[in-house]
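J.: Before we start, here is the structure in question, set down as structure tokens.
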Ligand code: FE2
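Numbering (the working numbering), first residue to last: 143 to 415.
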């Protein structure tokens, strides 16, 4: 599937852009499925859930259990300080995650159809395992910024094996918060690891305290249908969406089942179905 030039580019840059990986009809299937899931989703009645301590704990559980469930996370700006929605429900969701590729028949079928595992094998994963999926919305006007990070921070294995597949379901532009990456940055060390804390909740374990290289990020503006493959250690970022158009993306992350997946990783996937 990949040419020797693409494999070389991936090795040098830490990312790969493949146009027209997914058809307009396939994009529509995923976007419609997300809209249907949101339609059926009942937001919690007490939206102050995000403010008090006890309720924060329950929202932590909601997050921590999402590795083996289909959960809905709000855009920060979708809820005001009184706990009221500032936008309609369909425009309030930041992302849906993280196990729809296993639990939802539509996502599951699409992931099989697109055969990410075959691409993963070409990129060196011996036993590809889809560990996490996300439907990301980057909602018009309120879609939040995602700070510079490496995906292996969140999907850590020993040795490191994570590869991210980021599919543009809509055009991704500078105005609506396209991805930005640090070319060649996958060769720098993993900065930190996000894991379960011994006292409950989560924490970042520092692994390398050198600052990010002082080098401009490359804007990855891509048309809908494009696949961007991200090496797990490639630093990447996306700005807030200041436009009136959403920037939907579907992501799938593979790890190598031959590598060790620590029991204190924050994301605990479904082990069997
Ligand atoms: Fe990421």
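For every residue, glycine included, the Cβ atom is placed at its ideal position computed from N, Cα and C.
Out of 244, 232, 154, 412, point me to the one whose CA is closest to residue 181's CA.
T.: Among 244, 232, 154, 412, the Cα nearest to that of residue 181 belongs to 232.
J.: Look at residue 242 and residue 312 and say whether their C-beta atoms are less than 7 Å apart.
T.: No, Cβ-Cβ distance for residue 242 and residue 312 is not below 7 Å.
J.: Excluding the five sequence neighbours on either side, which residues of its own chain have a C-beta within less than 8 Å of the C-beta of residue 253, listed in chain order?
T.: Excluding residues within five positions, the ones whose Cβ falls inside 8 Å are 243, 272, 275, 394.
J.: Do you know whose CA, among 373, 255, 167, lies nearest residue 154's CA?
T.: Considering only alpha carbons, the answer is 373.
J.: Just to confirm the assignment, what range does the beta strand (DSSP E) spanning residue 275 have?
T.: 270-278 is the extent of the beta strand (DSSP E) around residue 275.
J.: Jot down the residue ranges of each uninterrupted alpha helix (DSSP H) in the segment 147-191, minimum 4 residues, whole runs only, in chain order.
T.: Correct list: 166-182.
J.: Using the Cβ count rule (16 or more neighbours within 10 Å means buried), how would you classify residue 362?
T.: Buried, by the Cβ-count rule.
J.: Any heavy atom of the ligand FE2 closer than 6 Å to the beta-carbon of residue 153?
T.: Checking every heavy atom of the ligand FE2 against the Cβ of residue 153, none is found closer than 6 Å.
J.: Helix, strand or coil, according to DSSP, for residue 315 in the structure here?
T.: DSSP places residue 315 in coil when its eight states are reduced to three.
J.: Tell me which residue opens and which closes the alpha helix (DSSP H) that residue 261 is part of.
T.: Run containing residue 261: 258-264, per the alpha helix (DSSP H) assignment.
J.: Excluding the 5 residues flanking residue 285 on each side, which residues of the same chain have their C-beta closer than 8 Å to its C-beta?
T.: Once the five neighbours on either side are set aside, the close Cβ partners of residue 285 are 217, 236, 279, 318, 319, 382, 383, 388, 389.
J.: Can you tell me whether residue 334 is helix, strand or coil according to DSSP?
T.: If DSSP states are grouped into helix, strand and coil, residue 334 belongs with the strands.
J.: Go through its chain and collect everything with a Cβ distance to residue 190's Cβ below 6 Å, but skip five positions before and after it.
T.: Because the pLDDT at residue 190 is just 39, under 50, the model does not fix this residue reliably, and the value given afterwards should be weighed accordingly. For residue 190, where only same-chain residues beyond five positions count, the Cβ hits under 6 Å are 225.
J.: Tell me whether residue 427 is buried or exposed, calling it buried when 16 or more other Cβ atoms sit within 10 Å of its Cβ.
T.: Any question about residue 427 goes unanswered here, given that the chain covers just 143 to 415.
J.: Residue 349 to residue 260, Cα distance in whole Å?
T.: Distance between the alpha carbons of residue 349 and residue 260: 31 Å.
J.: Could you pull out every residue in the same chain whose Cβ sits closer than 7 Å to the Cβ of residue 397, ignoring the five residues on either side in sequence?
T.: Cβ neighbours of residue 397 beyond the five flanking positions: 271, 273, 297, 299, 303, 304, 403.
J.: Report buried or exposed for residue 408, applying the criterion of at least 16 other Cβ atoms within 10 angstroms of its Cβ.
T.: With 16 or more Cβ atoms within 10 Å of its Cβ, residue 408 is classed as buried.
J.: Suppose the cutoff is 6 Å on Cβ atoms and the five residues either side in sequence are ignored; what does the same chain contact list for residue 245 look like?
T.: Hits under 6 Å: 212.
J.: Can you find the residues in the same chain that come closer than 6 Å, C-beta to C-beta, to residue 365, ignoring five residues on each side of it along the sequence?
T.: Once the five neighbours on either side are set aside, the close Cβ partners of residue 365 are 313.
J.: Expressed to the nearest angstrom, what Euclidean distance is found between the alpha-carbon atoms of residue 165 and residue 250?
T.: Distance between the alpha carbons of residue 165 and residue 250 is about 17 Å.
J.: In this structure, how does DSSP classify residue 239 when only helix, strand and coil are distinguished?
T.: If DSSP states are grouped into helix, strand and coil, residue 239 belongs with the strands.
J.: Would you call the CB atoms of residue 288 and residue 380 closer than 7 Å?
T.: Their beta carbons are under 7 Å apart, which means residue 288 touches residue 380 by this criterion.
J.: With which residues is residue 309 paired in a DSSP beta bridge?
T.: According to DSSP, residue 309 bridges with 369, 392.
J.: Per DSSP, which one or two residues make a beta bridge with residue 322?
T.: Its beta-bridge partners are 361, 379.
J.: Classify residue 203: buried if its beta carbon has 16 or more other beta carbons within 10 angstroms, exposed otherwise.
T.: Exposed, by the Cβ-count rule.
J.: Are residue 375 and residue 292 close, meaning C-beta to C-beta below 7 Å?
T.: Yes, they are a contact pair.
J.: For residue 167, count the other beta carbons within 10 Å of its own beta carbon; 16 or more makes it buried, fewer makes it exposed. Which is it?
T.: The residue is exposed, with fewer than 16 neighbouring Cβ atoms inside 10 Å.
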